[in-house]
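Inspection log for the structure reproduced underneath, given as structure tokens.
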Amino acid sequence: MEERVKFTYPENGFYGEFGGAFIPELLQPCVEELQHNYLKIMSEPSFLYAFEGLLKDYVGRPTPLYYAQRMSDYYKSHIYLKREDLCHTGAHKVNNTIGQILMAQRLNKKRIIAETGAGQHGVATATVCALVGLECIVYMGEKDIARQAPNVKRMKMLGAEVRPARSGSKTLKDATNEAIRDWINNPEDTHYIIGSVVGPHPYPDMVTRFQSVISQEMKRQLMEKLGNENPTRIIACVGGGSNAAGAYFHYLEREEVELVSVEAAGLGVHSGKTAATSQIGTKGVIHGSMTLLMQTEDGQIVEPHSISAGLDYPGIGPLHAHLISANRAKVVAIEDDHAVKAAYLLAQKEGIIPALETSHALAALDKIELKPDDINVINLSGRGDKDLETFINFEGHE
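Here's what the structure looks like:
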């Protein structure tokens, strides 16, 4: 039982051998302030009242657990979709940004910074900053700005400043680097809203807790529909892994429920153009935490590749590194073209256009041995409006 508890509650910021806070001395005061206060603030009745109220009345929770009849018929197994795409802003990201903006207010921060890849976290951060009237600066890779133009326009309309990251691969990793530099330069008045379960402790744990509303609702909805809280498996895409962490949280200690983590294989796991971190990555530190990451023998980051901006990251959240290393989570890697085909399948079977990130999770159904009585829950983490141009222009789509 002791090992199971570690899955849910990191000890000193570590999930087994992964996690921690490996940060420059200049960041120490910012991170320690959060470490000392986040659990206390999150347990305050006034905080919970505000958080739960906004999730209900502003975000639109609870999100439905939808039985996908035609997909179930196609796969000859029961397919349920947890509809995070129906959240305000179009993805699960807003669950976390609501929680963190309330946290920032209680810590008297006046300026918000964030990083974003696919743009959904940037939109969610800009949204909550507009809601409470705080300055918002979003760092985004120049490459991602080009391929996620609709979300860039949304952020600007919401009043955020979008700053391009022009170094490295000009994607999510580089946007994160720029955001960390900003935080070092503005420690007193700035709160950094990290969008995934990555970064130094307490971010992986704090973001997981804010996103755990997903599995909390899932348990109740499965009980109402089926008379049993436990599905056969939960399937979610993993870049950094916040949607997966939220979908898994209340099931981490229930080993009878299979957890399936779906990574982006890009052009192939061993093609040199991939983001399948857990399969080719090794233990190392990125953005303040010990985890699995894609790196050379001398510790230089290997640039990732994925058609999906939200999965285009060379690392993985430390919780996920622990779950995968401990064989608690099963990994499936999905190539670009397979993800696109899965998106078209869902669109034409159920009338739902998923985000490219979510499309990877849907494609995993083709790589899992499904039984007729299985209850498969896919966390439909975001909607596909932002990816329409990529879907339409992708060569070889059907």
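Residues in the sequence shown are numbered consecutively from 137, following the working numbering.
Beta carbons: idealized from backbone N, C-alpha and C, even for Gly.
Computed from a predicted structure; not experimentally measured.
- Of the residues 513, 333, 361, the one whose Cα lies closest to the Cα of residue 447 is 333.
- Cβ contact annotation for residue 229 (same chain, cutoff 7 angstroms, sequence separation greater than five): 256, 257, 260, 331, in chain order.
- Within the segment 166–227, the complete alpha helix (DSSP H) runs of at least 4 residues fall at 181–190, 205–211.
- DSSP places residue 333 outside both helix and strand once states are collapsed to three, so it counts as coil.
- Beta-bridge annotation (DSSP): residue 349 is not paired with any residue.
- In the same chain as residue 390, and ignoring 5 residues on each side of it, the C-beta atoms closer than 8 angstroms to its own belong to 366, in chain order.
- In this structure, the straight-line span from the alpha carbon of residue 245 to that of residue 177 is close to 14 angstroms.
- Residue pairing by DSSP puts residue 299 in a beta bridge opposite 275.
- For residue 322, the three-state secondary structure derived from DSSP is coil.
- Collapsing the DSSP output to three states places residue 237 in a helix.
- Between the segment 213–229 and the segment 514–528, the count of C-beta pairs closer than 8 angstroms reaches three or more; the two stretches touch.
- DSSP, reduced to helix, strand and coil, places residue 252 within a strand of the structure shown.
- Along the length of the segment 480–528, whole alpha helix (DSSP H) runs at least 4 residues long occupy 492–499, reported in chain order.
- Linking residue 248 to residue 205 through their CA atoms gives a straight-line distance of about 42 angstroms.
- If you draw a straight line from the Cα of residue 483 to the Cα of residue 325, it comes to about 44 angstroms.
- Measuring C-alpha to C-alpha distances from residue 315 to each of 274, 353, 471, 306 identifies 274 as the nearest.
- Taking all protein chains in view, the Cβ of residue 423 is crowded by 16 or more other Cβ atoms within 10 Å, so the residue is classified as buried.
- DSSP links residue 395 through a beta bridge to 370, 465.
- For residue 382, the uninterrupted alpha helix (DSSP H) run begins and ends at 378–384, by DSSP.
- Secondary structure at residue 431: strand, using DSSP grouped into helix, strand and coil.
- For residue 421, the enclosing beta strand (DSSP E) starts and ends at 418–422.
- No Cβ-Cβ contact shorter than 9 angstroms links residue 503 with residue 394.
- In the DSSP assignment, residue 289 falls within the alpha helix (DSSP H) that extends over 285–293.
- With fewer than 16 other beta carbons inside 10 angstroms of its own, residue 196 counts as exposed.
- Around the CB of residue 185, fewer than 16 other CB atoms lie within 10 Å, so the residue is classed as exposed.
- With respect to the 9 angstroms criterion, residue 413 and residue 451 are classified as neighbours on the basis of their beta carbons.
- Contact holds between the segment 377–385 and the segment 343–356, because three or more Cβ pairs, one in each stretch, are under 8 angstroms apart.
- Note on geometry: alpha-carbon atoms of residue 444 and residue 282 lie some 13 angstroms from one another.
- Classified as exposed, residue 528 has fewer than 16 neighbouring CB atoms from the shown chains inside 10 Å of its CB.
- The beta carbon of residue 495 sits closer than 6 angstroms to those of 475, 478, 479, all from its chain and outside the five residues before and after it, given in chain order.
- If you ignore the 5 residues before and after residue 208, its C-beta comes within less than 6 angstroms of the C-beta of 214, 215, all in its own chain and listed in chain order.
- CA-to-CA, the gap between residue 298 and residue 470 works out to about 30 angstroms.
- Between the C-alpha atoms of residue 356 and residue 350 there is a straight-line separation of about 10 angstroms.
- For residue 153, the number of other beta carbons within 10 angstroms of its own is below 16, and it is reported as exposed.
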